[in-house]
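Participant:
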Amino acid sequence: MLKYLFAKNEDIPAGSAAVFWGFSAIVWFVIGTGLGSFNAAKLAFPDFVTGNEFFAFGHMRQVHVHAVIFGWISMAFGMAMMYITPALGNTKLWSEKLGLWNALMWNIGLSLGLVLLWAGVSSGREYSDFPWPIDLYIVVFMAVPLCINVWMTVINRRTQGIYTTNWFFASAVFMVSIVFLTGNLPEFFHLTGLTEAYLTWWFAHNVLGLWITPVAAAIAYYTIPKVTGNPLYSHRIGHLHFWSVVVFYSTPAAHHLMSAPLPEWLKSFASVEGVLILVPAIAFVSNILLTMSGKWYMFVENLEVRFTITGVLMAIPLNMQGGFQQTRAINWYIHGTGWIVAHAHLALLGFSTFLEAAAVYLGLQMILKRKLYSLTLGNMHFWMLLIGFTTYWVSMTIAGLIQGAGKIYEVPYIDVVIAEHPYMIARWLGGTMVFVGNVLWLYNMWMTARQGTVVPEGRMPHELAYER
Amino acid sequence: MAFREYKLGARMFGLALGGSMCITLLLPAFDFAAVASTDMGLDKQFTAGHETGFSLDDPFLLGWNKPLKVTLKADPVTGQPMEAKEVYVYQKGTTFPAGVLHPRILGKGIEELSVQKGKISEAKKDAGAVFGLAKDGGVSYVENLTATKGWTTAVVMAAANAGKDEDISHAGAGKTMFVREGCWWCHTLLPEQTQDWQVFGAPPMIGDFNGESPTAFGSDRKAPDLLHVGSRNSSREWMMLHFFNPRLVQPHSIMPRFDYLWGEKDANGQKIDFDKWRTEYDQYRNGSRVTPPDVPAYSKNSEIRYLVDYMMSLK
Numbered sequence: 003m004l005k006y007l008f009a010k011n012e013d014i015p016a017g018s019a020a021v022f023w024g025f026s027a028i029v030w031f032v033i034g035t036g037l038g039s040f041n042a043a044k045l046a047f048p049d050f051v052t053g054n055e056f057f058a059f060g061h062m063r064q065v066h067v068h069a070v071i072f073g074w075i076s077m078a079f080g081m082a083m084m085y086i087t088p089a090l091g092n093t094k095l096w097s098e099k100l101g102l103w104n105a106l107m108w109n110i111g112l113s114l115g116l117v118l119l120w121a122g123v124s125s126g127r128e129y130s131d132f133p134w135p136i137d138l139y140i141v142v143f144m145a146v147p148l149c150i151n152v153w154m155t156v157i158n159r160r161t162q163g164i165y166t167t168n169w170f171f172a173s174a175v176f177m178v179s180i181v182f183l184t185g186n187l188p189e190f191f192h193l194t195g196l197t198e199a200y201l202t203w204w205f206a207h208n209v210l211g212l213w214i215t216p217v218a219a220a221i222a223y224y225t226i227p228k229v230t231g232n233p234l235y236s237h238r239i240g241h242l243h244f245w246s247v248v249v250f251y252s253t254p255a256a257h258h259l260m261s262a263p264l265p266e267w268l269k270s271f272a273s274v275e276g277v278l279i280l281v282p283a284i285a286f287v288s289n290i291l292l293t294m295s296g297k298w299y300m301f302v303e304n305l306e307v308r309f310t311i312t313g314v315l316m317a318i319p320l321n322m323q324g325g326f327q328q329t330r331a332i333n334w335y336i337h338g339t340g341w342i343v344a345h346a347h348l349a350l351l352g353f354s355t356f357l358e359a360a361a362v363y364l365g366l367q368m369i370l371k372r373k374l375y376s377l378t379l380g381n382m383h384f385w386m387l388l389i390g391f392t393t394y395w396v397s398m399t400i401a402g403l404i405q406g407a408g409k410i411y412e413v414p415y416i417d418v419v420i421a422e423h424p425y426m427i428a429r430w431l432g433g434t435m436v437f438v439g440n441v442l443w444l445y446n447m448w449m450t451a452r453q454g455t456v457v458p459e460g461r462m463p464h465e466l467a468y469e470r
Numbered sequence: 231m232a233f234r235e236y237k238l239g240a241r242m243f244g245l246a247l248g249g250s251m252c253i254t255l256l257l258p259a260f261d262f263a264a265v266a267s268t269d270m271g272l273d274k275q276f277t278a279g280h281e282t283g284f285s286l287d288d289p290f291l292l293g294w295n296k297p298l299k300v301t302l303k304a305d306p307v308t309g310q311p312m313e314a315k316e317v318y319v320y321q322k323g324t325t326f327p328a329g330v331l332h333p334r335i336l337g338k339g340i341e342e343l344s345v346q347k348g349k350i351s352e353a354k355k356d357a358g359a360v361f362g363l364a365k366d367g368g369v370s371y372v373e374n375l376t377a378t379k380g381w382t383t384a385v386v387m388a389a390a391n392a393g394k395d396e397d398i399s400h401a402g403a404g405k406t407m408f409v410r411e412g413c414w415w416c417h418t419l420l421p422e423q424t425q426d427w428q429v430f431g432a433p434p435m436i437g438d439f440n441g442e443s444p445t446a447f448g449s450d451r452k453a454p455d456l457l458h459v460g461s462r463n464s465s466r467e468w469m470m471l472h473f474f475n476p477r478l479v480q481p482h483s484i485m486p487r488f489d490y491l492w493g494e495k496d497a498n499g500q501k502i503d504f505d506k507w508r509t510e511y512d513q514y515r516n517g518s519r520v521t522p523p524d525v526p527a528y529s530k531n532s533e534i535r536y537l538v539d540y541m542m543s544l545k
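Protein chains in written order, with the working numbering: chain A, 3 to 470; chain B, 231 to 545.
#1: Say whether chain A places a C-beta atom closer than 8 Å to the C-beta of residue 546 (chain B).
#2: Between residue 464 (chain B) and the rest of its own chain, which residues show a CB-CB distance below 8 Å, the 5 nearest in sequence each way excluded?
#3: Check whether the Cβ of residue 255 (chain A) lies closer than 8 Å to any Cβ atom in chain B.
#4: Indicate whether residue 286 (chain A) and residue 356 (chain A) have their beta-carbon atoms separated by less than 8 Å.
#5: Determine which residues share a DSSP beta bridge with residue 398 (chain B) and list them.
#6: Does any residue of chain A have a CB that is nearer than 8 Å to the CB of residue 428 (chain B)?
#7: Go ahead and pull the three-state DSSP assignment for residue 344 (chain B).
#8: Would you be able to state if there are at least three C-beta pairs under 8 Å between the stretch 184-194 of chain A and the stretch 100-120 of chain A?
#9: My output table needs one value for residue 133 (chain A): the three-state DSSP class, helix, strand or coil.
#10: Output the distance between the C-alpha atoms of residue 255 (chain B) and residue 134 (chain A), rounded to the nearest integer angstrom.
#11: In this structure, how does DSSP classify residue 426 (chain A) when only helix, strand and coil are distinguished?
#12: Would you list, in sequence order, the uninterrupted alpha helix (DSSP H) runs of no fewer than 4 residues that lie entirely inside the stretch 313-379 of chain A?
#13: Using only the alpha-carbon positions, how far apart do residue 163 (chain A) and residue 232 (chain B) sit?
#14: Starting from residue 373 (chain B), follow its DSSP beta bridges and name the residues at the other end.
#15: In three-state DSSP terms, what is residue 538 (chain B)?
#16: Quick check on the DSSP output: the alpha helix (DSSP H) that includes residue 470 (chain B) runs from which residue to which?
#17: Would you kindly check if the distance between the Cβ of residue 322 (chain B) and the Cβ of residue 353 (chain B) is under 8 Å?
#18: Which residue wins for smallest C-alpha separation from residue 110 (chain A), given the options A:336, A:73, A:93?
#19: When you check each C-beta in the stretch 308-333 of chain A against every C-beta of chain B, which residues fall closer than 8 Å?
#20: Does the distance from the C-beta atom of residue 417 (chain B) to that of residue 478 (chain B) stay below 8 Å?
#21: Let's test the definition: count the other Cβ atoms within 10 Å of the Cβ of residue 367 (chain A) and tell me whether it reaches 16, buried, or not, exposed.
#22: So, helix, strand or coil for residue 468 (chain A), using DSSP?
#23: Is there a Cβ from chain A that is less than 8 Å from the Cβ of residue 459 (chain B)?
#24: How about residue 539 (chain B) and residue 404 (chain B): are their beta carbons less than 8 Å apart?
#25: Which residue wins for smallest C-alpha separation from residue 353 (chain A), given the options A:150, A:326, A:392, A:328?
#26: Just how far apart, CA to CA, sit residue 1 (chain A) and residue 405 (chain A)?
#27: Strictly below 9 Å CB to CB, what residues from chain B border residue 58 (chain A)?
#28: By how many angstroms is the C-alpha of residue 75 (chain A) removed from the C-alpha of residue 519 (chain B)?
#29: Give me the residue from B:391, B:355, B:365, B:351 with the minimum Cα distance to residue 300 (chain B).
#30: Count the CB pairs spanning the stretch 277-288 of chain B and the stretch 335-355 of chain B that are closer than 8 Å, and state whether there are at least three.
#31: Going by the CB atoms, is the gap between residue 412 (chain A) and residue 429 (chain B) shorter than 8 Å?
#32: Listed in chain order, which residues of the stretch 49-83 of chain A have Cβ atoms closer than 8 Å to some Cβ of chain B?
#33: In three-state DSSP terms, what is residue 264 (chain B)?
#34: For residue 236 (chain B), name the three-state secondary structure that DSSP assigns.
#35: The beta strand (DSSP E) spanning residue 188 (chain A) covers which residue range?
#36: With C-beta atoms as the reference, is residue 262 (chain A) less than 8 Å away from residue 447 (chain B)?
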């Protein structure tokens, strides 16, 4: 890929940028989940690798979080945008060269930011932990170039309308730039106190709500119709999904601070808006599941469909939790417990990751014109992700309920730590299984690029029989 | 069907996102701007200084550019004994906290008194300044003691250095350690309004944060809340053992060891032999040693001292 960085744009083969983004995403996924597994080991066995600040939990925790959010998830999004946006516009990507440079700058910026975070150079603000020069870098060299490439591709489309997926892509790349600039105002202009606390969570909420959730959903709007051959069940429900994301998902930031002294009207408003997130959620899930009509056998037989539908099904518990756990009636019990950690992983490792994995599997096979090297390894990857994640989610949810009970009944804290210990071990085992699955995936994808069966022009990879 | 330009959709999108940002950013901003600082908020702000996260003044979070909090038991100019008073020493070149740079954020009433009576606008960064809290008719305000009483940083630090070292607090640098070491990934600084009163103490009030950056509330409570830890446990010795190896005082703790914050040398200037300590501790753990090895006393300027000072300041 690097050899094309200085080539003329028209000499770069279509899809080169997507391949760079895709493989970068998988590598970041391996790194991010490896760090997660290591961190989980430290919570289960605190004396495992000790006495060195670079292996201290407090130095590594945020590196795991940012490696998976901005490395794996966001680069998989970039990959999806590089091949899906032009495909849906019946055109070519506006600039493959910009796409390649964008991926390179993304990898450089993220590596730099993560090294700084690892060393403890942090703004001290959760999810916007990167120091402000890195935040500016992210906007200028990572988000805005992606935005320009997606927008120019949509503008130069050769279709009359814009398909649902591309509404989401185009609006999300714009919104994430706004969110980065606005959410980091406390660092740029040294805003302090409650303003800083609130904007921290405004950023954290919106980077999930206006970037990760809509782009992941947009991917499913492409993969399911594309692979099953069914048209999208309803564009009107797609409209409802899109507009309710913009209106309802951008407003409940304060529900992350329900127990903090914010103005009461703001908390009540956020809580009501938080329940309304169920509107886009139900619209999305029903639209995708109804699109599957008559093709449910592919949920069993086809890897990409299985990944996507599993992710979509996980959106159901995700949004039932998300809609109600932030109301005052429930939040007082589970706030600050492992329940929330489980919920965050249901969003990022459950719902979102499964959708992106499908897009990366599908996209790399289509662009490289190679069928997946090994279905067995693909299946193992799927099941290790699903079983590993489920182990993690169940154990952390139980641990969270224990913590909640300990909090309400004012149990001495150390008794809660003792009670949680078995679940910490289960969480570590689950996380490690996810990590091992991803190592298999990286190998499988590498071998696909090298030795996968060649897919003839005009054919989808799943139309070919497996040779292995 | 013609090529669609989505003019209406683009406008509606701008309206929707703009309206959302109006409600969630602009409207709360009016409320936040009207919040007057509580006494606790004033103390926290002047103890921590301008910024305890990343800033160009302290890019590696080593505790640079932070104030000292000094307890004075005698007037530093005349030497007359007086009731103990806590003052915040911003030595030459140290950035002043947000409340001095922009007095408006102190809140209505406090701002006017601090500027007119407390003369905080006269503080000069290149000369340094000493601040203290004062009261006028029940309203607290910030006083620039260098301007009002002639307590320059040199005079106050001379008095402090002549007194006991424990009267000097590096809590501002300690909060930087708190941020850098990621303590806030597990320990919240936010007792919850509904159920934390008995164990972790009173939840914070709305004016407790003016001028503080970062607030570092934390969101995931894998460990006890620390907002009032200095009131629950004021033993520096316990803190020292607990930071060096939490399992020494709490066998079931899952907190990491922070022995690396001790630095190279202990309080007596002796090099700390960490490998020997860990070997002996492992012998203690497997039963071949009766007592754990002694924890080295930390030196006056070690990072752990800063962090313990910060813990002690969380009243």
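C-beta: ideal position from N, C-alpha, C; glycine also.
Facilitator: Based on what the coordinates show:
#1: The structure shown does not extend to residue 546 (chain B), since chain B is modelled only from 231 to 545, so the question has no answer here.
#2: Closer than 8 Å at the Cβ level, and outside the excluded window around residue 464 (chain B), lie 542.
#3: So, interface residue.
#4: In terms of Cβ geometry, residue 286 (chain A) and residue 356 (chain A) do not form a close pair [threshold 8 Å].
#5: B:300.
#6: Taking CB atoms only, residue 428 (chain B) has a neighbour in chain A less than 8 Å away.
#7: Per DSSP, reduced to three states, the secondary structure at residue 344 (chain B) is helical.
#8: Result no; under three Cβ-Cβ pairs closer than 8 Å.
#9: Correct three-state label for residue 133 (chain A): coil.
#10: Between residue 255 (chain B) and residue 134 (chain A), the C-alpha separation is close to 20 Å.
#11: Shown here, residue 426 (chain A) sits in a helix according to DSSP, grouped into three states.
#12: Whole alpha helix (DSSP H) segments, 4+ residues: 330-336, 340-347, 355-370.
#13: If you draw a straight line from the Cα of residue 163 (chain A) to the Cα of residue 232 (chain B), it is about 9 Å long.
#14: Looking at the DSSP output, residue 373 (chain B) bridges to B:362.
#15: Looking at residue 538 (chain B) - three-state DSSP - the assignment turns out to be helix.
#16: Note, residue 470 (chain B): alpha helix (DSSP H), 466-474.
#17: Result no, Cβ atoms of residue 353 (chain B) and residue 322 (chain B) do not sit closer than 8 Å.
#18: Residue A:73 is the option with its Cα nearest to residue 110 (chain A).
#19: Listed by position along the chain: nothing, the set is empty.
#20: No; because the gap between Cβ atoms is not below 8 Å, this pair is not in contact.
#21: A residue is called buried when at least 16 other Cβ atoms come within 10 angstroms of its Cβ; residue 367 (chain A) meets this threshold and is buried.
#22: Correct three-state label for residue 468 (chain A): coil.
#23: Between residue 459 (chain B) and chain A, the shortest Cβ-Cβ separation is not below 8 Å.
#24: Cβ atoms of residue 539 (chain B) and residue 404 (chain B): closer than 8 Å.
#25: Of the listed residues, the one whose Cα sits closest to residue 353 (chain A) is A:392.
#26: This structure cannot speak to residue 1 (chain A), because chain A is shown only from 3 to 470.
#27: Residues of chain B passing the Cβ test: 411, 412, 486, 487, 488, 490.
#28: Distance between the alpha carbons of residue 519 (chain B) and residue 75 (chain A) is about 50 Å.
#29: Of the candidates B:391, B:355, B:365, B:351, the one whose C-alpha sits nearest the C-alpha of residue 300 (chain B) is B:391.
#30: The answer is no - the stretch 335-355 of chain B does not touch the stretch 277-288 of chain B, with fewer than three Cβ pairs under 8 Å.
#31: It is a contact, given that the beta carbons lie within the stated cut-off.
#32: Of all residues in the stretch 49-83 of chain A, the ones placed with a Cβ closer than 8 Å to any Cβ belonging to chain B are 49, 52, 53, 54, 55, 58, 59, 60, 61, 63, 64, in chain order.
#33: Of the three classes helix, strand and coil, the one that applies to residue 264 (chain B) here is coil, per DSSP.
#34: Note: residue 236 (chain B) maps to coil in three-state DSSP.
#35: It is not in any beta strand (DSSP E) - residue 188 (chain A) instead sits in the alpha helix (DSSP H) that spans 187-190.
#36: Taking 8 Å as the Cβ cut-off, residue 262 (chain A) and residue 447 (chain B) qualify as a contacting pair.
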